[in-house]
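All residue numbers for the sequence shown refer to my numbering, where the first residue is 83 and numbers rise by one.
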Amino acid sequence: KRFSFSLPPTVSTTLYVTESAIDALSVYVLREKKPDHYLSIAGANTPHGTDHLPLALSHYLSVHPQIETVCLCLDNDSAGIRAAQSIRSCLSARYKTELMMPKQGKDYNEQLMRSKGLQNRIATRKPKHEMEELTI
Numbered sequence: 083k084r085f086s087f088s089l090p091p092t093v094s095t096t097l098y099v100t101e102s103a104i105d106a107l108s109v110y111v112l113r114e115k116k117p118d119h120y121l122s123i124a125g126a127n128t129p130h131g132t133d134h135l136p137l138a139l140s141h142y143l144s145v146h147p148q149i150e151t152v153c154l155c156l157d158n159d160s161a162g163i164r165a166a167q168s169i170r171s172c173l174s175a176r177y178k179t180e181l182m183m184p185k186q187g188k189d190y191n192e193q194l195m196r197s198k199g200l201q202n203r204i205a206t207r208k209p210k211h212e213m214e215e216l217t218i
């Protein structure tokens, strides 16, 4: 997992961290393709209260020492919020950190779809017996 999906620019000191590759691309588009760093950490895999960064983030920061600001654009659900808080506490001594939860929807892809007036039928992340289709 240390080699996740990323969009590294030639010059930038800001990194936008998302849970998935589609969210990283969505943040990139929502930010009008500004040439900053964009990284997917492949899920909210940082247990609350630990002092370990996700492997992809740790590796990315070691390869890109110019990073000064880390914007945490994780999902607006309990796992994403817990992971963002945990990551922020690990990084706060070395980096400026910002929590940037999506303003609409569960994640940045949903926010992008809504901003473009697009609809998609998806199944929620509930147990199989509780699955239902939603229109976004």
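Just so it is clear, CB atoms sit at the ideal spot from N, CA and C, and this is done for glycine as well. Owing to the predicted nature of the structure, the values given are computational and were not obtained by experimental measurement.
According to DSSP, is residue i helix, strand or coil?
i, result
"V152", "strand"
"L139", "helix"
"L181", "strand"
"L200", "coil"
"S168", "helix"
"S174", "coil"
"Q186", "coil"
Assuming contact is defined by CB atoms lying nearer than 7 Å, are residue i and residue j in contact in what I supplied?
i, j, result
"C155", "T100", "yes"
"Y142", "L121", "yes"
"Y177", "P184", "no"
"L97", "V152", "yes"
"Q186", "R170", "no"
"D159", "K115", "no"
"I123", "A138", "yes"
"L181", "A166", "yes"
"P91", "P117", "yes"
Name the one or two DSSP bridge partners that residue i has.
i, result
"S122", "T100"
Entirely enclosed beta strand (DSSP E) segments - the region 85-118, minimum 3 residues: 96-100
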